[in-house]
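Have a look at the structure below, then the notes.
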Amino acid sequence: MAKSKVNNVGELLTQSLGEDVEVLEEETAVLTAPGEHYGSVMLALNVKIKRKKSGLKGDLHLVAKLIPANEMLRLAFDIPVTFKKEVFAYKHTIPELVALQKEHRVPEEQFIDNLLPKCFGARVSVDENKNIVDEDAVLIFENLKLQGFITEDRLKGFDLSATRVILQDLARYHAVPIALKLLKPHAFKEKVLPATVSNKGLEQLPPEVGTTFHNAIMEGAREMPELQPYLQQIQKIVDDGAANPFVNRSNPNEPWGTMCHADFWVSNTMIQKDQTGRTVKNKIVDLQLLRYWSCCCDLVFFLFTSVINTILDEHFDDFLRLYHETFLKTLADFRLDLAPFSWENFLEELNEVAPTELYHVLIMLKPICTEKGKVTNSSEEFQDSDWSRKDLLGPNHRRKLKDTVLSIQKRGWL
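Residue numbering for the sequence shown follows full-length UniProt numbering, beginning at 1 and increasing consecutively.
This is the structure we're talking about:
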């Protein structure tokens with residue numbers, strides 16, 4: 001059964017609020033909807049606190065991220081590794097990056113932690129002497145939904161205003177770790193790389209699950225008349241992807257290696273819109289799959305999985321320019337030599353990396369485009385058929401697959 005309580009909340013909150021805080025009351029409610037989130041259990045956590053010295057009381061509206069209740073999901077997401085990575089990122093990596101920005105007098109509103117939800121506390125266990133993820137592992141965040149942030153419809157994707165905001169944030173998110181790597185390589189090794197260690201995934205599940213993900217690409221492509229001229233090229237991407245898993249890719253070309261999100265799609269970023277419907281803010285979430293890859297891996301994966309394809313095709317070059325300009329502007333905060341990061345070098349890196357990321361894009365279209373309402377099991381009742389059933393995919397998957405392949409073809413990457 002999924003946990004519905006967080007033990008020792010007060011002790012967790014001292015990480016951000018200090019020792020002067022006392023928890024008076026707490027209540028939780030499950031946020032995780034069937035078929036929409038598998039890598040963790042998410043709880044709304046409302047806490048009434050009191051300051052011991054002043055006696056002042058207040059309410060905190062938080063979200064608790066717990067490990068999945070289901071053993072198969074723990075295997076699929078390699079929870080002993082990935083949850084530890086995210087805890088490390090929030091407790092050590094992000095503070096180190098902010099410290100570098102402070103040292104270089106970067107304005108506070110540009111600190112990298114502003115790109116993420118505020119973390120109030122994180123642990124792998126209540127036992128401080130343990131470094132093994134157990135049932136009490138948890139991360140506590142601010143509740144972004146109460147601030148008006150939403151998760152965009154995965155079947156729709158991001159419009160122009162959202163894509164522009166997100167790309168600028170992604171560029172900042174990539175550039176600051178590169179600055180640390182170049183200026184303080186030892187600190188980068190100690191504080192960033194542990195959050196990017198490799199982890200296992202679907203290969204730990206029954207073979208039919210991975211096979212279903214793999215086969216969905218060609219099965220969908222064969223049903224689309226528009227893709228008939230490209231079936232041979234798509235098959236090559238599929239075969240190469242199976243033989244050379246993207247998760248095992250070699251070290252990145254330098255200086256482009258950074259703290260890649262490695263799973264940056266619609267459901268792993270939250271946006272805030274103004275009254276006109278225009279996106280004005282963004283928060284990057286879910287740091288459990290971080291890898292030390294080229295920044296272009298995240299860029300390609302995001303653009304082709306998460307942006308409305310008509311928007312992507314019309315503004316693709318502008319999106320690249322916006323990302324690169326923001327990337328350079330962020331690096332300039334640290335007075336680094338920008339010549340290695342020129343536009344020409346960036347395009348060369350993009351064109352080399354993009355083909356290696358296409359299988360990741362195409363295989364991810366299966367969970368992104370799973371028809372809503374088809375999965376009714378809660379995450380704790382998860383069965384491998386929730387990922388492998390044939391009826392999970394329909395017109396949305398075929399449409400997105402067609403549009404994505406045609407967008408890729410326009411770039412010359414097929």
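In this text, a Cβ means the ideal position worked out from N, Cα and C, and glycines have one as well.
A quick note: this is a predicted structure, and the numbers were derived from the prediction, not measured.
Taking a 10 Å sphere around the C-beta of His-174, we find 16 or more other C-beta atoms and assign the residue as buried. For Lys-181, the enclosing alpha helix (DSSP H) stretches over residues 160-183.
Taken in chain order, the complete beta strand (DSSP E) segments of 3 residues or longer contained in the stretch 280-348 are 291-294. Judged by DSSP secondary structure, Met-224 falls outside any alpha helix (DSSP H); it is assigned neither H nor E. Ala-137 sits in coil when the DSSP states are folded into three classes, being neither helix nor strand.
According to the DSSP secondary-structure assignment, Gly-58 is paired through a beta bridge with Ile-49.
Going by beta carbons, Val-238 and Leu-362 fall inside the 9 angstroms limit.
Counting along the chain, Leu-24 sits inside the beta strand (DSSP E) bounded by residues 21-30.
Between the C-alpha atoms of Trp-293 and Asp-20 there is a straight-line separation of about 41 angstroms.
Counting the other Cβ atoms within 10 Å of the Cβ of Leu-347 gives fewer than 16, which makes it exposed. By the C-beta density criterion, Asn-351 is exposed, having fewer than 16 other C-beta atoms within 10 angstroms. Straight through space, the alpha carbons of Leu-322 and Gln-168 are spaced by roughly 7 angstroms. The C-beta distance from Phe-149 to Met-270 rounds to 4 angstroms, short enough to fall under 8 angstroms. Residue Gln-232 holds the alpha-carbon nearest to the alpha-carbon of Gln-409 among Asp-318, Pro-367, Gln-232, Asn-70. Nearest neighbour of Lys-91 by Cα position, chosen from Lys-236, Trp-265, Asp-113, Gly-257, turns out to be Asp-113.
Distance from the CA of Asn-251 to the CA of Leu-338, rounded to the nearest whole angstrom, comes to 22 angstroms.
Boundaries around Gln-232 are those of the alpha helix (DSSP H), 231-243, since no beta strand (DSSP E) includes it. Distance from the CA of Arg-291 to the CA of Lys-273, rounded to the nearest whole angstrom, comes to 30 angstroms. Out of Ser-267, Asn-143, Val-176, Val-9, the CA that lies nearest to the CA of Cys-295 is found in Val-176. Check the Cα spacing between Gly-55 and each of Lys-130, Val-23, Gly-157, Thr-14: the tightest is with Val-23. Cβ atoms of Phe-120 and Leu-13 come within 8 angstroms of each other, at about 6 angstroms. Where Thr-258 is concerned, there is no enclosing alpha helix (DSSP H), although the beta strand (DSSP E) around it starts and stops at 257-260. Taking the CA atoms as reference points, Asp-78 sits about 10 angstroms from Gln-288.
Excluding the 5 residues flanking it on each side, Glu-25 has same chain C-beta neighbours closer than 6 angstroms at Lys-48, in chain order. Here Gln-409 carries a helix assignment [DSSP, helix/strand/coil].
Sequence-distant partners of Gly-394 (beyond 5 residues in either direction) whose C-beta falls short of 7 angstroms from its own C-beta, in its chain, are Glu-371.
Rounded to the nearest angstrom, the Cβ distance from Val-285 to Asn-268 is 6 angstroms, consistent with a contact under 8 angstroms.
When the beta-carbon positions are compared, Leu-205 and Leu-17 stay at least 9 angstroms from each other.
Judged by beta-carbon spacing, Met-259 lies beyond the 9 angstroms limit of Thr-305, meaning their Cβ atoms are not closer than that value. Leaving aside the five residues that flank Asp-134 on each side, the residues in its chain whose CB is nearer than 6 angstroms to its CB run, in chain order, Ser-125.
A straight line joining the alpha-carbon of Thr-93 with that of Val-81 spans about 16 angstroms.
For Val-9, same chain residues with a beta-carbon under 7 angstroms away, outside a window of 5 residues either side, are Val-23, Glu-26, Val-47 in chain order. Cβ atoms of Leu-336 and Leu-182 come within 8 angstroms of each other, at about 6 angstroms. In chain order, Ile-271, Thr-279, Val-280, Lys-281, Asn-282 place their CB closer than 8 angstroms to the CB of Val-165, counting only its own chain and leaving out the 5 sequence neighbours on each side.
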